[in-house]
Structures are given as C-alpha cells and as structure tokens.
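Enquirer:
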Amino acid sequence: MKILGAIILFLCGSVLSAAAIELTDDLTPPQEIRYRALAEELRCLVCQNQSLADSDADLASDMRAVVRRMIKAGNSNDEIKQFMTERYGDFVLYRPPFNAATLLLWIFPFVVLVLGFFTVYGMARRRRIQLSAADKQRARALLDEVGEAQESQAPPPPL
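So for the sequence shown, this note's numbering puts the first residue at 17; every next one is plus one.
(1) According to DSSP, S92 sits in a beta bridge with which residue or residues?
(2) DSSP three-state call for R80: helix, strand or coil?
(3) Take the Cβ of I49 as the centre, count every other Cβ of all protein chains shown within 10 Å, and call the residue buried at 16 or more, exposed below.
(4) CB-CB under 8 Å to L43, same chain, minus the five flanking residues each way: which ones, in chain order?
(5) Spatial neighbours of M79 within its chain, please: CB distance less than 6 Å, with the 5 preceding and 5 following residues excluded, ordered by chain position.
(6) Among T135, Y104 and E161, which has the Cα closest to the Cα of V82?
(7) Decide yes or no for the touch test of the segment 61–77 against the segment 99–117: beta carbon pairs closer than 8 Å, at least 3 of them.
(8) Do we get a CB-CB distance below 9 Å when we pair Q66 with the residues of chain B?
(9) Check whether the Cβ atoms of K97 and L54 lie closer than 9 Å to each other.
(10) In its own chain, which residues sit with a C-beta less than 8 Å from the C-beta of E57, not counting the 5 before and 5 after it?
(11) When you compare only the Cα positions, how much space is there between A157 and A150?
(12) Buried or exposed: which applies to A76, given that a residue is buried once 16 or more other Cβ atoms fall within 10 Å of its Cβ?
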C-alpha cells in the first residue's frame, strides 16, 4: 500500500512539474517578473482555456520562448502583446481589446443579464393570482367578519 501511495505521489509531482514555466537564468529578476506576468496574460492557442504559463503544449512552449526573447531584446509588454496579436489574433489575449470585432464579446453578457431580468419579471407577473369579482367579494366579506369579531372582543376604551 505504501508503494502505491509513493507511485501516485511521484506521478502527481511529475504532472505538476511538466506544466510549470521553464526556469532559466538568462533573465534578470525584474525581467523574470514581466515574463511571468505576460505568460499569465496570454492564452495558449492549443489548450484555449489555459494561459501560456499553465500550458505544457509545444506551441505554448514556443510562444513562451518568443516572449522570453523579446523581453531580453528590450521590447515593452505592449509591443510583445501587439506582436502576439498580429501573429495569432485577438484570441491570444485573455482581455481582448474593445473594438468592432469584439463588440459582441463585450456586450453579450450584459444583454443576457437584461433579458434574464425581464424574463424573470415577466414570469413573476404571470404567476400573480387573478381573482374574479365573486372571489374578491367573498374575501371582503371574510375580512369584514374578522374585523367585526375583533371589535367585539376589544376592551372598552379608558375613561
């Protein structure tokens, strides 16, 4: 049983280390911080729901190498993002720019929220109980009876 547990721990550690960002000594600490931040902001095009930092796909590894080279060359974060966008499209960015091509992407969640609100409001209005005139008259009579019963049991007012 202990051997099985050791094997499972070894495999888990191997999987986790495979997805980690490559660590090399070719960047200074500030450059390394920029590199890690950019790797988190850029999306892996193969995995699509993982950042470059989290992905172990070959394309993600190549993209990380390009980011590392561009940082070493002195390119700014915006220049690196622009290069990646020109090469791979807006999809590579986790926060795509607000423009005509991405308008629906930015507006759609709010449209769905408003439509959901009106749908729930409409359903609530339809569920209201509509009383007929006879039902309203019977309810009024019952309320009058209860009111009269309470008045007859009320203590006399102080003098």
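Note that beta-carbon positions come from the ideal geometry of N, C-alpha and C, so glycine has one too.
Quantities reported herein were computed from a predicted structural model and do not represent experimental measurements.
Expert: Quick answer:
(1) In the DSSP output, where bridge partners are listed per residue, S92 has none listed.
(2) Judged by DSSP in its simplified three-state form, R80 adopts helix.
(3) With fewer than 16 other Cβ atoms from the protein chains shown falling within 10 Å of its own Cβ, I49 counts as exposed.
(4) The residues Y51, R84, I87 and K88, in chain order, have a CB closer than 8 Å to that of L43 in the same chain once the five nearest residues on each side in sequence are set aside.
(5) Cβ neighbours of M79 beyond the five flanking positions: L68.
(6) Ranking T135, Y104 and E161 by Cα distance to V82 puts Y104 first.
(7) At 8 Å Cβ cutoff, the stretches touch.
(8) Structure shown: chain B not included; a single protein chain is present.
(9) Using a Cβ distance threshold of 9 Å, K97 and L54 count as a contacting pair.
(10) Excluding the 5 residues flanking it on each side, E57 has same chain C-beta neighbours closer than 8 Å at S67, K97, L109, Y110 and R111, in chain order.
(11) One alpha carbon belongs to A157, the other to A150, and they sit about 11 Å apart.
(12) Classification for A76: buried.
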